[in-house]
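Visitor:
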Amino acid sequence: MAAVNINQLHLDDLPWIIEYDESKCIQCGKCTAACSFGAIKPEVEKRRKPSQGLTKPSFDRIITIKQQVSFQHHCRGCGMCSRVCPNGAIKAVRNPNDRYSVRYRAAKAESLKKGGRSNLNTEGRTLDKIKIGRISQMTDPSLDAARHQFELRTPFGRILSADKLDLHSSNGKMELSKQLPPNRWIYPILMGDMSIGAVSWRMWEAMAIATAYLNEVVGLPVRMCTGEGGMPVRLLKSRYVKYMIVQIASGHFGWNRIIQALPDMVEDPAGLLIKIGQGAKPGDGGLLMASKVVRYVQEIRGVPRADLLSPPTHQGLYSIEESVQKMFLSMNAAFNFRVPVAIKVAASVTSVSVYNNLLRDPYNIVGGFFLDGLAGGTGAAHEISLDHTGHPITSKLRDCYLAAVHQGRQGEIPLFAGGGLGQTGSFAADAFKLICLGANGVFTGRLLLEIAGCVGNDTGKCNACNTGLCPAGIATQDICLTKRLDIDTAAQNIVNYFIATDMELKKLMGPVGNSTLPIGRSDALITVDKHISNRLDIQYVC
Amino acid sequence: MPKETFKIKTLTDNNRMSTQELLQFITEKINEGYINFDIDACGQHNIGGSSWAKDRESKLFFTLRNPGQRVGAMALKGTKIVVEGSAPADVGWLNSGATIVVKGDCGDTAAHCAAGGKIYAAGRVGTRSGALMKHDPKFDSPEFWVLKNTGSFGFEFMGGGIAVVCGWDCDSLPSVLGSRSCVGMVGGIIYVRGPIQDVADCVEIKSLDGQDIEFLENGMAKFLQEIDKSELLAELTNWQEWKKIIPVSQDEKSKRMPVSEFRKNHWIKGGIFGDFIHDDFVVYKLPASGEGRVHIPVWNKENCVNCKICLNNCPENAISEEEKIYTSDSEKCIGCGICEAVCPKQCWSMTSNRKEIS
């Protein structure tokens, strides 16, 4: 056995430790075969048999499973080994003495990167401390979730107040003098915002199929955001593009192909989304590690194999006003002012200023404001951004809504909120509460991955999306890993989740007594937390 | 036992009997032995309900004019109520066996929760009529006959019993069941003649079978006789014009096209990435052999001493030897690395099988 140098990375430094019960192991090799990180390997171990008198001691050789100790091949705790083990002989357990992040920086002179989500969770979740406390009983009848016809759609696009409608009378009929800004009535939960590249082609297509299915078979007008990695031309030229909200971010990746396809498109997209920032790593641009920049991603994005960094800002935009004038105008012009254009920013202490500024919107071209809170997910980020930057979504959404209310302009630029929704299991409840606090709708990405089969969680399990070694075939571009994902099951699970969530939203709308989305109905919410009550202006109860 | 009809006027000299006064008065008279009542009501509720003859044998008979809501509420078998004219909401609420005849229209929620007896309406009935009707098999099925049409939201959560909507004098109506009827219906049958639209998707609309026609033929003459419209018998017994509505079974309800079928038959052929990637949509189960392996073993002859340790330790029996050449069958091998681990001469090495879309 080699002597140990105390400066070297040791098993005890790693975040996850493999617990292996040799007495249950049948040396079938399934665990080592399944581990996409190469974190465990079979090894032959020598075991000394003591001398029985005159003979010399001898050695038994047995096959055992050894955890690898290296920065590249350390265990991420994904648990694939225990899933495939027929005897329950192996599992990854969290190491309470983990010193990995210190060791990594010390050894590599690099910032630590991670995928998935923030694992610090120091704030707790405001939404879990809010309940829906205004139940219609004798005052007004509760609506029956099963039989009542609810109108859950929400506007995506600029809404003009009545006094801004340019009307004139012609032959005794009221007519509009000018075209109204484009608007789509959509389901209040948007999915996606994850790029081709960040997720595997199967995962991305599963979301697109689920979106089409939800629209055409189930009747829920769900829209999917593309993320910033462009779009496959086959989808652009199909009629299904009408369910897609096409994103442009600071990297402008993939827009070449989108523009080339314009003359051949048979339908307009549902909308366009200008991504300024994202909640999981605010103030930092997109990051796609080179391991995932495979051939087709290179082609769609027009880049070579390299770590792809989107700049933290759009280089052509220097102020809010300019964003409105230049970016919104250009994106509106792309589809000749037929397609609503919204903007997505990371929630920040400055969000209200931005929203106030957008609300002036002299050209009526700002079709939505997406606020992304800090608990969102990401394909790859510097851990420092993921864990230490950002702003919770709830109070910021509320601030923006109340700022609009203060001006009597709520609803004119629809608000969408996201970032870690569904984290504690009930996505419909999170969505409903945010809607009551003023959101027109919500969006989710990371949750879709979990629905599809992601094995990670918010307490450090897996979160290796940045490595390209996703054991579930979701955040990888590798063929042997991607093909672990069953595209049909992934799409089916997303569809099922939306159907369940739709029912659950109605189960909340019924008691509150709203037939339509209770946007801004904060009187429906209560909290036992005085600070939350004060900050969000909802009723304190005890 | 007095045979004569007991007459009650509930409004005299501007003094109106309250519901409580009327109902208690009726009970008093029933306990004196009266069984026939003729009542000029003035909107009092629940007339004819929850009553029975003193001898438990005789039939109670009520003739009513101008009743209030819930005529015949909770009425029992052996009671017959005839309303001369129309009746407001909740006719036959929780009817448990009475025959209730309304010679005019009924208000909303007629036959609500009726679980027995017969309700005959000679006109139209309001919204939510027939809601939550049910049938306990130990008793006769409730029947609810309507000459004309029902309002919207009828038969919600209906769990049993039979409703018959004849659609007479409804020529101008787009639907003789209003809109959005039958939501949550899980049992029972609705027979209907005339146009219907917008019924809930938890029910199915079917043609009549022999048993249906037999029931309707038996019941229709009696119904029309009760409401003094026997002359309509021929017009209403053209069974070609009738349909029946029954709930779809619990299994049928959750049936939707599987998403896999949608992808294969409706989605963009070859997938949206088809111009980059030929995806066979095969799913690798773990641990996978062949192309699904994360690592593959490569054999190097140089140091091999032909000890067969690898061959004997391979958990998948994937390794074979022929003339001192060792090969691993990729269809059996899962890439576990045991061959590499056990070889005393390091002849096997595991290499990455990671492949990218080219």
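Protein sequence lines, in the order shown, are assigned to chains A and B. Numbered by my numbering, the letters in the first sequence go through residues 1316 to 1857 in order. Numbered by my numbering, the letters in the second sequence go through residues 430 to 787 in order. Heads up, the beta-carbon is just placed ideally off N, CA and C, and yes, glycines get one too.
#1: Taking Cβ-Cβ distances shorter than 9 Å, what residues in chain B pair up with Gly-1344 (chain A)?
#2: For a contact defined as C-beta to C-beta under 9 Å, what are the partners of Arg-609 (chain B) on chain A?
#3: Within a Cβ cutoff of 6 Å, which residues of the same chain sit near Arg-1850 (chain A), ignoring the five residues on either side of it in sequence?
#4: Measure from the alpha carbon of Gly-1694 (chain A) to the alpha carbon of each residue in A:Ser-1830, A:Ser-1515, A:Ala-1648, then state which is nearest.
#5: Take every Cβ of the segment 1800-1810 of chain A, pair it with every Cβ of the segment 1618-1634 of chain A, and state whether three or more of those distances are shorter than 8 Å.
#6: Can you tell me the Cα-Cα spacing of Leu-1603 (chain A) and Cys-1780 (chain A), whole angstroms?
#7: Using the beta-carbon count (16 or more within 10 Å), is Lys-635 (chain B) buried or exposed?
#8: Whole angstroms is fine: what's the gap from Asn-460 (chain B)'s alpha carbon to Gly-536 (chain B)'s?
#9: Could you pull out every unbroken beta strand (DSSP E) segment of at least 3 residues lying fully inside the segment 624-704 of chain B, listed in chain order?
#10: Quick one: which chain A residues come within Cβ less than 9 Å of Glu-720 (chain B)?
#11: Beta-carbon separation of Pro-1496 (chain A) and Pro-1729 (chain A) under 7 Å?
#12: Counting contacts by CB-CB distance shorter than 7 Å, is Ala-650 (chain B) in contact with chain A?
#13: So what's Val-1720 (chain A) in DSSP terms, helix, strand or just coil?
#14: Could you please give me the residues that DSSP links to Lys-1381 (chain A) through a beta bridge?
#15: Take Val-530 (chain B) and list the residues in its own chain whose beta-carbon comes closer than 6 Å to its own, dropping the five residues that flank it on each side.
#16: Hey, out of A:Glu-1358, A:Gly-1544, A:Lys-1339, A:Ala-1349, whose CA is closest to Gln-775 (chain B)'s CA?
#17: If you draw a straight line from the C-alpha of Leu-1427 (chain A) to the C-alpha of Gln-1387 (chain A), how long is it?
#18: To the nearest angstrom, how far is the alpha carbon of Glu-1520 (chain A) from that of Ser-1510 (chain A)?
#19: Which whole-angstrom value describes the C-beta separation of Met-1559 (chain A) and Thr-1541 (chain A), a residue pair presumed to lie in contact below a C-beta threshold of 8 Å?
#20: Check the Cβ of Leu-1550 (chain A) against every Cβ in chain B and list those closer than 8 Å, keeping chain order.
#21: If contacts are defined as beta-carbon pairs under 8 Å, then Phe-1685 (chain A) and Phe-1758 (chain A) qualify, I think. What distance do you get, rounded to the angstrom?
#22: Counting only the same chain and skipping the five closest in sequence on each side, list residues whose C-beta sits under 6 Å from that of Tyr-1335 (chain A).
#23: Out of A:Gln-1725, A:Ile-1341, A:Gly-1569, A:Gln-1854, which has the shortest C-alpha to C-alpha gap to Tyr-1611 (chain A)?
#24: Counting only beta-carbon atoms, is Arg-1874 (chain A) nearer than 7 Å to chain B?
#25: Per DSSP, which one or two residues make a beta bridge with Asp-469 (chain B)?
#26: Do we get a CB-CB distance below 7 Å when we pair Val-1581 (chain A) with the residues of chain B?
#27: For Leu-505 (chain B) and Ala-527 (chain B), which I take to be in contact (beta-carbon distance under 8 Å), what is that distance rounded to the nearest angstrom?
#28: What is the residue span of the beta strand (DSSP E) that Ile-795 (chain B) lies within?
#29: Compare the C-beta of Tyr-713 (chain B) with all C-beta atoms of chain A and state if any pair is closer than 7 Å.
#30: Whose Cβ in chain A lies nearer than 8 Å to the Cβ of Val-723 (chain B)?
#31: Assuming Cys-542 (chain B) and Trp-522 (chain B) make a contact with CB atoms under 8 Å, what is their CB distance in whole Å?
#32: Are Leu-489 (chain B) and Ile-464 (chain B) touching if we call contact CB-CB under 7 Å?
#33: For Asn-1429 (chain A) versus Leu-1701 (chain A), is the C-beta distance shorter than 7 Å?
#34: With distances taken Cα to Cα, identify the nearest neighbour of Ser-1837 (chain A) among A:Leu-1491, A:Cys-1751, A:Leu-1588, A:Gln-1382.
#35: Counting pairs of Cβ atoms below 8 Å between the segment 1715-1732 of chain A and the segment 1811-1829 of chain A, do you hit three or more?
#36: What residues in its chain sit with their C-beta under 6 Å from that of Arg-1409 (chain A), if we drop five residues either side in the sequence?
Guide: So, to answer that:
#1: Pro-716, Cys-743, Pro-744, Glu-745, Ile-763, Gly-764, Cys-765, Gly-766, Ile-767
#2: Arg-1462, Gln-1464
#3: Ser-1710
#4: A:Ser-1515
#5: no
#6: 10 Å
#7: exposed
#8: 31 Å
#9: 632-635, 671-676
#10: Ile-1794, Cys-1795, Lys-1798
#11: no
#12: no
#13: helix
#14: A:Lys-1356
#15: Val-511, Tyr-549, Glu-655
#16: A:Glu-1358
#17: 12 Å
#18: 11 Å
#19: 6 Å
#20: Ile-697, Ile-701
#21: 7 Å
#22: Ile-1380, Ile-1405
#23: A:Gly-1569
#24: The displayed coordinates of chain A run from 1316 to 1857. Any statement about residue 1874 (chain A) would go beyond what the structure contains.
#25: B:Lys-438, B:Arg-494
#26: no
#27: 6 Å
#28: Lying outside 430 to 787, the shown extent of chain B, residue 795 (chain B) is not represented and no answer is given.
#29: yes
#30: Ala-1348, Ala-1349, Cys-1350, Ser-1351, Gly-1353, Cys-1795, Leu-1796
#31: 6 Å
#32: yes
#33: Reading the sequence as shown, one finds Lys at residue 1429 (chain A) and not Asn. Taking 7 Å as the Cβ cut-off, Lys-1429 (chain A) and Leu-1701 (chain A) qualify as a contacting pair.
#34: A:Cys-1751
#35: no
#36: none
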